[in-house]
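This note's numbering runs 111 ahead of the 1-based position in the sequence shown.
Where is the CB? At the ideal position from N, CA and C, for every residue including glycine.
A short worksheet on the structure shown next.
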Amino acid sequence: MFTTLFVKTQVALENYKNDEQGVTAIEYGLIAAAIAGVVALGFGDADSGIAGALSGVFETIRLALGGAAPTPGG
112 MFTTLFVKTQ VALENYKNDE QGVTAIEYGL IAAAIAGVVA LGFGDADSGI AGALSGVFET
172 IRLALGGAAP TPGG
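Take a look at the structure:
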């Protein structure tokens, strides 16, 4: 009885040790973190990167539509 339990435990531990399914999830997590870092660098602060370019475009559109400043509280 104890021998059977011991053997089943050994087999289960060996299978757990050789299981690589979790490794894939970790790899995807690292890839997602790298992509998030690249996106953060691309947007930068308000004066540079994509955020600065979009801010300039929206400012140009705002001025073309009459230049009205937004009112607080909508």
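Query: How long is the line joining the alpha carbons of V149 and A143, rounded to whole angstroms?; Result: 10 Å
Query: Give a yes or no on whether the C-beta atoms belonging to A162 and F169 are separated by under 7 Å.; Result: no
Query: Just verifying my parser: in three-state terms, what is the DSSP assignment at E131?; Result: coil
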